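> Structure provided below as structure tokens; questions to follow.
Protein chains: 2
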Amino acid sequence: MKSDAVMGGDIGGTHMRIALVEANGNLLHSSKTATDVRAGAVDVVNRLILQCREVMAVAARMKRSVSALGLGIAGKIDRLGGTILFSPNLPSLARYPLVEVLGAALALPVFIENDADSFGMGENLLGAGRGIPNWIGLTLGTGVGGCIVLGGHLWRGDDLGYSGEFGHMVIDPNGPECACGLKGCLEAHASSSALKNGIRELIACGELRNGPLHEAWIAGSLTSEQIHRQAAQGDILAARLFHRLGWALGLAIAGQFSALGIRHAVIGGGVSNAWDQFITPLKQSLNAHSSMLRGEEAVVLRTELGDKAALIGSAYLAGLQLSQPVMETNRIGTILRKSPQP
Amino acid sequence: MKSDAVMGGDIGGTHMRIALVEANGNLLHSSKTATDVRAGAVDVVNRLILQCREVMAVAARMKRSVSALGLGIAGKIDRLGGTILFSPNLPSLARYPLVEVLGAALALPVFIENDADSFGMGENLLGAGRGIPNWIGLTLGTGVGGCIVLGGHLWRGDDLGYSGEFGHMVIDPNGPECACGLKGCLEAHASSSALKNGIRELIACGELRNGPLHEAWIAGSLTSEQIHRQAAQGDILAARLFHRLGWALGLAIAGQFSALGIRHAVIGGGVSNAWDQFITPLKQSLNAHSSMLRGEEAVVLRTELGDKAALIGSAYLAGLQLSQPVMETNRIGTILRKSPQP
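Sequence order for the protein chains is A and B.
When the letters of the first sequence are read in order and numbered with my numbering, they come out as residues 1 to 342.
When the letters of the second sequence are read in order and numbered with my numbering, they come out as residues 343 to 684.
Shown next as structure tokens:
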């Protein structure tokens with residue numbers, strides 16, 4: 001039998017991905033399936049169990065035993081209680097005894113995390129955050145997730161179920177409405193939802209009257225990838241939405257650099273594929289909104305692991321908790337220390 | 343000879359205060375003198391030296407030896423190089439070899455700090471932050487200073503000369519101009535300068551046409567204390583400025599609670615004397631701008647040490663660096679660890 005592996009998962013409102021990961025972060029296998037949240041918690045969890053069993057069968061064929069499952073989930077997570085407290089994209093899973101049900105079905109220790117924290121741990125170990133002691137991470141997807149790495153460790157705050165929730169910082173009190181109910185959150189400017197809402201507003205005010213984005217909106221099939229493609233092909237209205245996205249990220253990152261006294265950020269998530277469309281306005285905005293730091297001192301990096309970051313990070317964090325559960329409750333338990341490789 | 347004491351100082355644009363502090367934080371003596379920054383760096387430093395010598399003479403009469411001097415200074419501080427990099431209220435001291443000159447004149451080890459970090463360390467040891475592992479501090483004075491305490495330690499970030507600079511986070515891109523050159527900073531809403539600028543604007547737009555605040559503004563003698571007194575006596579325009587101040591603080595603190603995953607803040611500085619005028623709108627705004635935390639979970643505390651916090655904190659930090667200089671440069675040197683009492 002070769003060395004143990006850990007399963008890492010990334011559970012979003014659209015897809016569930018499960019991977020088999022070695023202790024060094026090497027990804028051996030991964031699978032992806034639709035989440036279909038409308039089907040309800042029991043159905044989602046049953047499909048997740050099936051998907052995990054398939055990955056465990058793959059592991060068995062590779063002569064690997066699986067020692068744990070770690071899941072990164074978008075939302076406010078009770079890691080120690082093993083439930084999702086609140087998740088805008090997975091509402092039916094709130095308060096569901098996820099860790100208990102999965103653990104019993106798979107006969108494995110199961111750990112859950114916020115997905116942006118999983119992303120952060122992946123990039124910290126093997127990606128863009130490697131060797132940088134202090135940085136903030138932002139994941140641009142349906143919403144905007146975030147994480148904070150301090151002294152090389154994932155920062156947990158008071159263990160309230162979230163930290164690094166930059167997406168729900170209000171950056172413009174007069175800005176657009178956010179899915180969370182507030183107005184002017186970073187997420188309402190810098191997520192795929194914000195891009196799609198931007199198209200809706202452009203149509204509503206009569207600025208966008210035809211073309212592929214208009215058609216896709218009418219058909220109900222509009223995606224942020226389409227908006228990105230149109231921006232890349234020179235569509236000025238689409239480009240303006242990415243300009244606003246970059247402006248908002250630059251403003252928010254400048255504020256966090258001032259607050260934390262740091263100068264590195266890592267950006268990931270699906271929307272970061274549109275990097276060329278927003279990085280220049282982002283850097284201009286970061287410079288324009290920084291009074292403590294000179295623009296050239298600020299470093300904004302693009303994810304190196306892409307959609308593998310959260311899979312690798314959640315597997316690593318599961319292995320970590322398997323080997324050092326005591327670290328969860330010690331005096332400075334708010335800093336989750338790195339342990340020897342799981 | 344009784345046990346050693348340390349001198350702690352708080353150097354602002356208006357006053358210089360020096361105190362004699364015991365290892366347990368007990369304040370034995372303090373003195374206050376005008377800074378008079380217009381006189382130039384050499385004059386300011388010469389008067390500071392005289393003031394320190396007077397405090398050392400007091401110490402000698404008390405049969406105490408003085409082992410170090412620690413100064414809290416508003417501005418971007420190069421702690422290791424011993425100079426002020428940038429200070430809006432002490433511009434003539436920028437790049438002046440302050441630690442070297444003071445050290446030679448007083449024959450003492452001298453350490454400099456940001457004044458809000460000194461405040462934070464004072465409140466952390468003996469004040470409102472006692473026993474709370476993770477919290478942010480805000481000092482409301484001429485400007486808005488800030489500090490971050492994580493795991494019981496003052497957070498230094500990347501040692502760039504600042505951290506916790508909440509005052510220069512942009513909280514409203516359409517907000518008033520800030521002394522730093524940006525627009526809509528927290529400081530432009532929540533400092534004594536912001537209050538005085540508010541009166542200026544009320545006069546300029548014709549809303550404030552007479553009364554004591556109008557007269558004081560015309561005479562060039564307006565202070566934030568006067569604005570506070572008028573608000574307390576029912577002046578609706580003055581009260582509105584404190585309402586805006588509370589709104590801005592609530593918005594900024596909500597954002598930092600979301601970002602750091604914490605729920606405690608401590609507010610000090612001279613303007614915090616107007617507590618009753620802004621705490622209710624602050625709490626309403628904090629609640630209205632929080633999507634992760636319920637309003638009742640957030641805790642906003644008032645300074646317990648008042649204007650003694652920075653004196654006690656700067657003395658403590660000086661004693662700490664005297665006993666554990668190595669901690670300044672170790673791998674996680676960004677966290678300044680507590681050592682045994684100096």
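Don't be surprised by glycine CBs; every beta carbon is placed ideally from N, CA and C.
All figures in this text were calculated on a predicted structure; none of them were measured in a lab.
Which residue from B:Leu653, B:Ser632 and B:Ala660 puts its Cα closest to that of lysine 374 of chain B?
For the residues B:Leu653, B:Ser632 and B:Ala660, the minimum Cα distance to lysine 374 of chain B belongs to B:Leu653.
> Can you tell me which of the three DSSP states arginine 156 of chain A falls into?
It is coil, neither helix nor strand.
> Can you pull the chain B neighbours of glutamine 256 of chain A, defined as C-beta to C-beta under 7 Å?
Here the neighbours are Ala601.
> Return helix, strand or coil for cysteine 185 of chain A, following the three-state DSSP convention.
Three-state result, cysteine 185 of chain A: strand.
> Give every residue of the same chain whose Cβ lies closer than 6 Å to the Cβ of serine 285 of chain A, excluding the five residues on either side of it in the sequence, and list them in chain order.
Result list for serine 285 of chain A: Trp247, Gly250 and Leu251, in chain order.
> Residues in the same chain with beta-carbon distance under 6 Å from leucine 317 of chain A, minus the five sequence neighbours each way, listed in chain order, please.
The answer, listed in chain order, is Gly70, Glu113 and Met121.
> Taking 7 Å as the threshold (C-beta atoms), are leucine 664 of chain B and alanine 410 of chain B in contact?
In this structure, leucine 664 of chain B lies closer than 7 Å to alanine 410 of chain B by Cβ.
> Identify each residue in the stretch 454 to 478 of chain B for which the Cβ-Cβ distance to at least one residue of chain A is less than 7 Å, and report them in chain order.
Residues Pro475 and Asn476.
> Which residue marks the beginning of the beta strand (DSSP E) containing alanine 68 of chain A, and which one marks its end?
Run containing alanine 68 of chain A: 66 to 73, per the beta strand (DSSP E) assignment.
> Can you check whether the C-beta of valine 326 of chain A is within less than 7 Å of a C-beta belonging to chain B?
The predicted position of valine 326 of chain A is uncertain, since its pLDDT is 42 and thus under 50; no value can be drawn from it.
> Let me know if aspartate 158 of chain A comes out buried or exposed under the rule of 16 or more other beta-carbons within 10 Å of its beta-carbon.
Its Cβ being crowded by 16 or more others within 10 Å, aspartate 158 of chain A is buried.
> Starting from isoleucine 262 of chain A, find everything on chain B with Cβ-Cβ shorter than 9 Å and list it in chain order.
Chain B residues near isoleucine 262 of chain A: Gly499, Asp500, Leu502, Ser505 and Thr676.
> Would you list, in chain order, the members of the stretch 167 to 199 of chain A that have their beta-carbon closer than 7 Å to a beta-carbon of chain B?
If the cut-off is 7 Å between Cβ atoms, the stretch 167 to 199 of chain A has His168, Met169, Val170, Asp172, Pro173, Asn174, Cys180, Gly181 and Leu182 near chain B.
> Can you tell me which of A:Gly137, A:Gly72 and A:Leu260 puts its alpha carbon nearest to the alpha carbon of leucine 502 of chain B?
Leucine 502 of chain B has its Cα closest to that of A:Leu260, out of A:Gly137, A:Gly72 and A:Leu260.
> Taking DSSP's pairing of strands, which residues face lysine 650 of chain B in a bridge?
Note: lysine 650 of chain B sits in no beta bridge, so no partner.
> Among residues of its own chain, excluding the 5 on either side of glutamate 165 of chain A, which ones have a beta-carbon nearer than 7 Å to its beta-carbon?
Cβ within range, chain order: Gly146.
> In whole angstroms, give me the CA-to-CA distance for valine 668 of chain B and leucine 435 of chain B.
Caution applies to valine 668 of chain B, whose pLDDT of 42 falls short of 50 and renders its modelled position unreliable; the value that the coordinates give is listed next. For valine 668 of chain B and leucine 435 of chain B, the distance between alpha carbons rounds to 28 Å.
> In whole angstroms, what is the alpha-carbon distance linking glutamine 341 of chain A and serine 65 of chain A?
The pLDDT assigned to glutamine 341 of chain A is 33, lower than 50, so where the model puts this residue is not dependable; a value taken from the coordinates is nonetheless given after this. Glutamine 341 of chain A and serine 65 of chain A: Cα-Cα distance of roughly 16 Å.
> Could you check whether the Cβ of serine 285 of chain A sits closer than 7 Å to any Cβ belonging to chain B?
So, not an interface residue.
> Within 7 Å (strictly less), CB to CB, does methionine 16 of chain A reach chain B?
Closer than 7 Å: no.
> Bridge partners of glycine 250 of chain A, per DSSP?
Paired residue(s): none; glycine 250 of chain A is not in a bridge.
> To which residues of the same chain is glutamine 230 of chain A closer than 7 Å at the C-beta, ignoring the five residues directly before and after it?
Once the five neighbours on either side are set aside, the close Cβ partners of glutamine 230 of chain A are Pro212, Leu213 and Ala238.
> With DSSP collapsed to three states, give me the class of isoleucine 478 of chain B.
Isoleucine 478 of chain B falls in the strand class under three-state DSSP.
> Is there a C-beta anywhere in chain B that falls below 7 Å from the one on methionine 249 of chain A?
The amino acid occupying residue 249 of chain A in the given sequence is leucine; methionine does not appear at that position. No, because no Cβ of chain B sits closer than 7 Å to the Cβ of leucine 249 of chain A.
> Which partner residues does histidine 15 of chain A have in the DSSP bridge list?
Beta-bridge pairing links histidine 15 of chain A to A:Ala34.
> Quick check on serine 258 of chain A: buried or exposed, where buried means 16 or more other Cβ atoms within 10 Å of its Cβ?
Buried, since its Cβ has 16 or more Cβ neighbours within 10 Å.
> I want to see whether chain A comes within less than 7 Å of histidine 556 of chain B, judged by CB atoms only; does it?
Chain A, which has no Cβ nearer than 7 Å to the Cβ of histidine 556 of chain B, makes this no.
> Is the separation between the beta-carbon of alanine 264 of chain A and that of valine 512 of chain B shorter than 7 Å?
Reading off the sequence shown, one finds histidine at residue 264 of chain A, where the question assumed alanine. No, these two residues do not count as a Cβ contact at 7 Å.
> Checking 7 Å against the spacing of the C-beta atoms, do leucine 90 of chain A and lysine 76 of chain A come in under that value?
It is not a contact, given that the beta carbons lie outside the stated cut-off.
> Hey, out of B:Cys394, B:Gly597 and B:Gly548, whose CA is closest to leucine 444 of chain B's CA?
The shortest C-alpha separation from leucine 444 of chain B is found at B:Cys394.
> At a CB-CB cut-off below 7 Å, which residues of chain C make contact with serine 291 of chain A?
Of the chains in the structure shown, none is chain C; the protein chains are A and B.
> Could you name the residues of chain A that lysine 418 of chain B contacts, counting a contact when the two beta carbons are closer than 8 Å?
Result: Met292.
> Using a Cβ-Cβ cut-off of 7 Å (strictly less than) and excluding sequence neighbours within five positions of valine 608 of chain B, which residues of its own chain qualify?
The answer, listed in chain order, is Glu465, Ala470, Gly471, Trp477, Gly479, Leu643 and Thr645.
> From glycine 61 of chain A to threonine 14 of chain A, what distance separates their C-alpha atoms?
Looking at the sequence shown, residue 61 of chain A is not glycine but arginine. For arginine 61 of chain A and threonine 14 of chain A, the distance between alpha carbons rounds to 29 Å.
> Serine 314 of chain A and glycine 143 of chain A: beta carbons closer than 7 Å?
No.
> Excluding the 5 residues preceding and the 5 following aspartate 577 of chain B in the sequence, name in chain order all residues of the same chain whose CB lies nearer than 8 Å to its CB.
Excluding positions up to five away in sequence, the list reads Gly553 and Leu555.
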